[in-house]
Amino acid sequence: MGSKQGGAVGGPAIPAPSDPAMIRNVVLVGPSAAGKTTLVEALLAATSTIPRAGTVTEGTTVCDHEPAAIEQQRSIGLAVAPVQYGEIKINLIDTPGYADFVGELRAGLRAADAALFVVAAAEGVDAATRAIWQECAAVGMPRGVVISRLDQPRADFDGALLACQDAFGSGVVPLYLPHRGADGEISALVGLLTGSLYEVGGVHPADEQLRELYDEQRGELIEAIIAESEDESLMDRYLGGEQIDENTLISDLETAVVRGGLHPVVPVCAATGLGVREVLDGIARGFPSPLEHPLPEFTDPQGRHPRTLTPDPSGPLAAEVVHTSVDSYVGRVSLARVFSGTMRPERPVHVSGHGMAERGHPDHDEDERVAHLYSPLGASLREVPHCIAGDLCALTKIGSAETGDTLSDPSDPLLLTPWPMPEPQLPIAVTAHTRSDEDALARNLNRLVAADPSLRLERDSASHQLVLWCMGEAHADVVLQRLREGGAEIDTVPVRVPLRQTFAQPAKGHGRHVKQSGGHGQYAVCDIEVEPLPRGSGVEFAERVVGGAVPRQFIPSVEKGVRAQAEKGITEGCPLMDIRVTLVDGKAHSVDSSDAAFQAAGALALKAAAEQAGLVTLEPVDAVEVRIPDEHLGAVLGDLSSRRGKVIGTEPEDGGWTVVRAHVPASELMRYTINVRSLSSGSATFTRHFESYEPVPESLLAQMTTR
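Numbering (our numbering), first residue to last: 351 to 1057.
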């Protein structure tokens, strides 16, 4: 197809549509072994978008690559491949199959109007795919199913179909069934509605014997379609023996799919091309256009004044950056879904980004100019004259735009509510290998955070560590690899848990700071009483000074010195918490007392009190919520116990799931996201948030304070 030149390839792009009704945006969802990318390649080849399957891969240019390079890029990024099928432009959005790259998956769901779930005939349905199905159902996204890899040795279409119906519900019904020829190989599909035999080379009427063989399945399909029909008389007519017109059934099928009540199944063998045309036909005729899919909520950039928009090419411009990548030739590339209006080159746009500052994405409102618009095909770009509401396009050199940002007209700026994103749970602490690597590290971190909303960047003020919070081990590997590819030599170091200390019992402290070095000296004496407080109280300061022993102007100085010492900690790196310090007495000098002297005396008094009382070291404890299939419940409960966790309760959910709530020390959760997936065959999910600080067991104290 040509080589990469500044991010573009030779040849014209698919014509830019002028009517949203002629667009279909379909996200492909499924585990990494399901064959999503292979299916996309087959769909591209079937529409002559590429000369043959096997020449486009996620994150790669449309040209030949070494197999290792292709495999390295597969399943870690979002890729868009547009095809022209008749008058319809279909944007195929290929998503990663690994759970770690949920950010890319959520972006694909946001950009699409329908989802195509790809399930391998030899593998069945995993828990992660079930969860995504439920997520799509919650927002009313139309769904269909492809049962792929029919040519694999262990392929079992009937078993895979039953697994899909069990996982996704009774609305999952086949439109076609695989048919084996005389040699026992699957060589054709039988269309249950049309009664035709679909082969790679063409379509033929099925004979009467073949129709009778699949008559029962055809009846089930027709009943499922009629059950969703707006014509209430249709079922009675069908049960009365009337032959329902095929066009009526197809029309009602399309309505049922758009409403989300019926989910058609197509068997496919991408290697031979069997079923590929039927998938394209199902997308074009059965999936909704952008006109039929509700738009997300818009407001002004301040988050006020909700706006209701429609996918009107002549309406106000409203688009969202759903993916960001960096091309070695053209720099930053922003993939955008246009929801309203029309994006044109050489026009200014307003870039708004809010609501993700806690992940390292600062709020911003800036105007930028769009130089060129492109239609993406994998990592390749082809220039287009415009991009209307409902379509996808790529923009280059929009320097301030990040994934999740809104693009709108500068005269009418808008803001789109960000899509929900699970919290990353795997911390990785990094440091520049040498001082000369620090600039490259900072520069590459900014690029990574701009492109990946699932990544959280944290600069811990207590430990002074730079911590990258990732979705899992595979995500962390990719993040570290991209940092190093950007020219930064980095090292990973253990993540330090932020320990605290408090007083073991009430105590008194005497602080005396007296120095004489010629001229004005320094003189301050203070006496304090310290008592421990309940967890979460912080550091309180009070005073009961009588008779002016400490002049009123120096009492704030004592407090300042006490608080500074408490923040620093008596033991280096362990700030004090949950204490009340009361200033009860002291002495001052009319000439040599000063603010600095009383700050020093307050700090010394706190140290003296700590030495008398003894200190209790505290560790952070998180409230953890694990959602787990029932068959893995025992393993997870045992693992939580081994991590010093205290199970607070369990709550059963529909579908054979249980939610476990527990309090677990944060130090035991560093790699928990990896461990819990291993215990549950990748099905469990968990969240956590800080709950409290609790004493560290004596048996672990030495090991934790020396980390």
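The C-beta atom is built at its ideal place from N, Cα and C for all residues, glycine as well.
- Scanning V900, D476, S546 for the CA closest to the CA of A517 turns up D476.
- A Cβ-Cβ separation of about 6 Å places I633 in contact with V376 under the 8 Å criterion.
- W483: member of the alpha helix (DSSP H) spanning 477-488, first to last residue.
- Considering only G494, E592, V550, A668, the residue with the shortest C-alpha distance to G610 is G494.
- The Cβ atoms of R1038 and V974 sit closer than 7 Å to each other.
- Secondary structure of V379 (DSSP, three-state): strand.
- With a beta-carbon spacing of about 7 Å, Q502 and A471 fall inside the 8 Å limit used to define contacts.
- The residue among G545, A1052, F648 with its C-alpha nearest the C-alpha of A668 is F648.
- For the pair of segments examined, the region 944-963 was found to touch the region 914-930: the number of CB pairs separated by less than 8 Å reaches three.
- F853 is classed as buried because its beta carbon has at least 16 other beta carbons within 10 Å across all chains shown.
- The beta carbon of D715 lies closer than 6 Å to those of P651, S702 in the same chain, with the five residues before and after it left out.
- Taking C-beta atoms as the reference points, L428 and G458 count as a pair closer than 7 Å.
- Boundaries of the beta strand (DSSP E) harbouring C820: 816-820, taken from the DSSP string.
- Between F904 and F948, the gap from beta carbon to beta carbon is short of 7 Å.
- Under the 10 Å beta carbon count, I400 is surrounded by 16 or more other beta carbons and is classified as buried.
- Of the candidates G886, H863, L883, E1041, H863 places its Cα closest to the Cα of V875.
- If you check the CB distance, G859 and I878 come in under 7 Å.
- Restricting attention to beta strand (DSSP E) runs no shorter than 3 residues, the region 937-995 encloses them at 965-979, ordered along the chain.
- With contacts defined by Cβ atoms closer than 7 Å, R850 and Y1043 form a contacting pair.
- In this structure, V671 sits near D755, with a CB-CB distance shorter than 7 Å.
- Proximity to E961 across V976, A857, P1015, G871 peaks at A857, based on C-alpha coordinates.
- DSSP links F637 through a beta bridge to no other residue.
- When only Cα atoms are considered, D945 and K865 end up about 14 Å apart.
- Cβ neighbours of A1016 within its own chain (closer than 6 Å, five residues either side excluded): V847, P970, D972.
- Beta-bridge partners assigned by DSSP to Y448: none are found.
- For G754, the secondary structure class from DSSP, reduced to helix, strand or coil, is coil.
- Note on geometry: alpha-carbon atoms of S520 and E566 lie some 16 Å from one another.
- Under a 10 Å Cβ-count criterion, Y548 is classified as buried, with 16 or more other Cβ atoms of the shown protein chains found around its own Cβ.
- V799: member of the alpha helix (DSSP H) spanning 788-801, first to last residue.
- In chain order, L987, L990, V1010, A1012 place their CB closer than 7 Å to the CB of V997, counting only its own chain and leaving out the 5 sequence neighbours on each side.
- When secondary structure is reduced to three states using DSSP, K918 falls in the helix class.
- A721 and A751 have their C-alpha atoms spaced approximately 14 Å apart.
- Contact between the region 434-445 and the region 577-597 is absent: fewer than three C-beta pairs spanning the two stretches fall below 8 Å.
- By a beta-carbon distance limit of 8 Å, D802 contacts G453. Their separation comes to about 6 Å.
- In the DSSP assignment, H673 forms a beta bridge with L685.
- Leaving aside the five residues that flank T397 on each side, the residues in its chain whose CB is nearer than 8 Å to its CB run, in chain order, V433, Q434, Y435, L630.
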